[in-house]
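Notes to accompany the following structure.
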Amino acid sequence: MTTVTMPGSTEPTHYHAIGRSNLSELPEWQKLDAQLRHEIDIVARVLPFRTNRYVVENLIDWSRVPDDPIFQLVFPQRGMLSEADFDDVRTLVESADDSEALARAVDRIRRRLNPHPGGQLTHNTATLAGRPLPGVQHKYRETVVFFPAQGQTCHAYCTYCFRWAQFVGMQGMRIETRSTSDLVAYLRAHPEVTDVLITGGDPMIMATRTLRRYIEPLLAPELAHIQNIRIGTKSVAYWPHRFVSDADADDCLRLFEEVAAANRHLAIMGHYTHPVELKPALAREAIRRIRDTGAQIRMQAPLIRHVNDAPELWSELWRSGVRLGLIPYYMFIERDTGPRDYFSVPLVRAHEIFRRAAANVSGLARAAQGPTMSVLPGKIRILGVVARSELLDRQLPAVLHNGGGAMPSADPREQILVCDFLQARDARLNQTVFFAAFDPGATWLDQMRPAFGGERFAFEQAGDRDRTAPLHALTECLLD
Ligand SMILES: *Cc1c(COP(=O)(O)O)cnc(C)c1O
Ligand code: SF4
5 MTTVTMPGST
15 EPTHYHAIGR
25 SNLSELPEWQ
35 KLDAQLRHEI
45 DIVARVLPFR
55 TNRYVVENLI
65 DWSRVPDDPI
75 FQLVFPQRGM
85 LSEADFDDVR
95 TLVESADDSE
105 ALARAVDRIR
115 RRLNPHPGGQ
125 LTHNTATLAG
135 RPLPGVQHKY
145 RETVVFFPAQ
155 GQTCHAYCTY
165 CFRWAQFVGM
175 QGMRIETRST
185 SDLVAYLRAH
195 PEVTDVLITG
205 GDPMIMATRT
215 LRRYIEPLLA
225 PELAHIQNIR
235 IGTKSVAYWP
245 HRFVSDADAD
255 DCLRLFEEVA
265 AANRHLAIMG
275 HYTHPVELKP
285 ALAREAIRRI
295 RDTGAQIRMQ
305 APLIRHVNDA
315 PELWSELWRS
325 GVRLGLIPYY
335 MFIERDTGPR
345 DYFSVPLVRA
355 HEIFRRAAAN
365 VSGLARAAQG
375 PTMSVLPGKI
385 RILGVVARSE
395 LLDRQLPAVL
405 HNGGGAMPSA
415 DPREQILVCD
425 FLQARDARLN
435 QTVFFAAFDP
445 GATWLDQMRP
455 AFGGERFAFE
465 QAGDRDRTAP
475 LHALTECLLD
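Here it is as structure tokens:
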């Protein structure tokens, strides 16, 4: 393969993965403190880790390591394992030889971080004439989510990602499909579907000729009801070469043009985590080239402690994105999976970050919705905090409108969290509001309680809570 370099960079433009085994080749790595390197090496035995030269050279400020946000995003960190787990693995690594005991310990820790019993792979799975179609999910009326088999990995891994179970190839932990013909047959039988969301891992890891096999059939006249094709991808941030200089980059852009020519909208759901990802000339060139095909790029990401948990970062991300022609879409709440204790941001704080970020930008950048949590009952958004007394005294719209400012009361029992469903599995709940008890530490639905008494919300079915963690761990893409 020829090696081309971008002006001002010595970085090769062919993809080269960096993982635990070849990390020592990196000059940036060699300069790090030995203790830090050792700790990362221990944690990397448990949590899969992969990055590449583009990320290392363009997105990480090595003078700020270990606090640099992108370093936190792609390199495993000591705090992701409990002290006890860390010590277990370290002892086994340092005592060498007993590789079987090490493998057993690693497997045990991984399963605890995100156990994945059968069952959940069938939840929301589409069926055709009674036959389940693995890799095709239909949870909300208009949108079908599709996981192509060859798109189940990424150019680099995000350390918080629940997909690590798939990447490390744990038994029975893959969700995927090989067949477009099943998808097409399903869509033909479902004229109510307007959107197909192709997700992964990262579908843009696929060669263009493979991607084409999935997309072209969707453009057929008998699927005219499919108006929008979405592709969820991190490649725009982790590997913009995919659209600029990879051998089949131009071919990929031709494919995008074909979608527009077939009178459909192609929406690239770009996973942008931090404003630094929009800075490199190559990332901007990728955006320009994608937009030239008639496709639109939207930006979405989860809110992650240590990475992007500050309102200024989100304002800057949305502002610079909008300037480049991107459309802000979702701010997600980090899922309850993987090393979540390290990354999670309490719901109340997530809302405060969103509010301050949105308050600080023009309407175009305020197109973002969030913070939102994808759970079994639907997509739940945290709308605001209000005092109980205000809720009783005033009209709800006024409360929501004014609810931002200073906390209405210092006493948590006097406060209420206002939430709504952006999307609900039960369509009657779409766009409806509900109230939760104020809990400054709660990070996920399973820790929320109704504001006016009771253990669970009316929209939760008996048993939902027990299954919350495993159920949605792998059945929905983080960035859907
Ligand atoms: C979020 C999501 C979608 C898409 O919802 P939009 O609000 O249309 O972006 C589809 N399927 C699942 C399972 C989702 O979580
Ligand atoms: S969050 Fe997305 S880009 Fe990151 S590792 Fe997971 S699937 Fe890949």
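Going by my numbering, the first residue of the sequence shown is number 5, and it counts up by one from there. We put the CB at the ideal spot given by N, CA and C, even for glycine.
- [ ] Have a look at the DSSP bridge pairing and note the partners of residue 154.
- [x] According to DSSP, which records beta bridges pairwise, residue 154 is partnered with nothing at all.
Open item on the list: Less than 9 Å between CB atoms is the rule here; does residue 357 satisfy it with respect to chain B?
Closed with: Absent here is chain B; the protein component of the structure consists of one chain.
Open item on the list: One question on the structure: do residue 350 and residue 211 come within less than 9 Å of each other, judged by their Cβ atoms?
Closed with: no
TODO: Report the rounded CA-to-CA distance for residue 312 versus residue 84, giving the unit in angstroms.
DONE: 17 Å
Task: residue 143 CB to nearest heavy atom of ligand 2 below 8 Å - done: no
- [ ] Please confirm whether any heavy atom of ligand 1 lies closer than 8 Å to the CB of residue 334.
- [x] yes
TODO: State yes or no: is the C-beta of residue 352 within less than 9 Å of the C-beta of residue 425?
DONE: no
- [ ] Measure the Cβ-Cβ separation of residue 326 and residue 369 and say whether it is below 9 Å.
- [x] yes
Open item on the list: Judging by CA-CA distance, which residue of 200, 333, 215 and 201 is the nearest neighbour of residue 252?
Closed with: 215
Task: Exposure of residue 283, with buried meaning 16 or more beta-carbon neighbours within 10 Å - done: exposed
Task: Touching by the beta-carbon criterion (3+ pairs, under 8 Å), the segment 45-57 and the segment 97-110 - done: yes
Open item on the list: Rounded to the nearest angstrom, what separates residue 438 and residue 218 at their Cα positions?
Closed with: 40 Å
Open item on the list: Less than 8 Å separating the Cβ of residue 146 from some heavy atom of ligand 4?
Closed with: In the structure shown, ligand 4 is absent; the only ligands present are ligand 1 and ligand 2.
Open item on the list: Do residue 310 and residue 76 count as a contact pair if the criterion is CB distance below 9 Å?
Closed with: yes
- [ ] List the DSSP bridge partners of residue 386.
- [x] 423
Open item on the list: Can you give me the C-alpha to C-alpha distance between residue 23 and residue 449, rounded to a whole angstrom?
Closed with: 34 Å
Open item on the list: According to DSSP, simplified to helix, strand and coil, what is residue 430?
Closed with: coil
TODO: Assess, as a yes-or-no matter, whether the segment 268-286 is touched by the segment 316-323 under the definition of 3 or more beta carbon pairs within less than 8 Å.
DONE: yes
Open item on the list: Tell me which residues share the same chain as residue 357 and place their Cβ nearer than 6 Å to its Cβ, disregarding the 5 neighbours each side in the sequence.
Closed with: 315
TODO: Please report how far the alpha carbon of residue 152 lies from the alpha carbon of residue 307, in whole angstroms.
DONE: 26 Å
- [ ] For the alpha helix (DSSP H) holding residue 319, just list the boundary residues, first then last.
- [x] 315-327
TODO: Measure the C-alpha to C-alpha separation of residue 285 and residue 207 and round it to an integer number of angstroms.
DONE: 23 Å
- [ ] Please indicate yes or no: does the CB of residue 427 lie closer than 8 Å to some heavy atom of ligand 1?
- [x] yes
Task: Sequence-distant residues of the same chain with beta carbon closer than 6 Å to residue 237, five excluded per side - done: 206 and 208
- [ ] Would you mind reading off the limits of the beta strand (DSSP E) that contains residue 333?
- [x] 331-337
- [ ] Have a look at 361, 339, 330 and 436 and flag the residue whose alpha-carbon is nearest the alpha-carbon of residue 299.
- [x] 330
Open item on the list: Going residue by residue through the segment 78-115, where are the continuous alpha helix (DSSP H) segments of at least 4 residues, counting only ones entirely within it?
Closed with: 87-98
TODO: Helix, strand or coil for residue 6, going by three-state DSSP, please let me know.
DONE: Any reading at residue 6 must be qualified, since the residue scores a pLDDT of 39, below 50, and its modelled position is unreliable; the value itself is stated next. Coil at residue 6, not helix or strand.
Open item on the list: Short of 6 Å in beta carbon distance, which residues of its chain neighbour residue 246, apart from the five on each side in sequence? Order them along the chain.
Closed with: 208 and 239
TODO: Report all residues from its chain with a CB closer than 7 Å to the CB of residue 317; omit the five preceding and five following residues, and keep chain order.
DONE: 278 and 279
TODO: Starting from residue 373, follow its DSSP beta bridges and name the residues at the other end.
DONE: 334
Task: Counterpart residues of residue 56 in DSSP-defined beta bridges - done: 21
- [ ] Per DSSP, which residues does residue 236 bridge with? Please list them.
- [x] 273
Open item on the list: Rounded to whole angstroms, what is the Cα-Cα separation between residue 423 and residue 459?
Closed with: 17 Å
Open item on the list: In this structure, how does DSSP classify residue 186 when only helix, strand and coil are distinguished?
Closed with: helix
Open item on the list: Looking at the strands, I want to know which residues DSSP matches up with residue 440.
Closed with: 421 and 454
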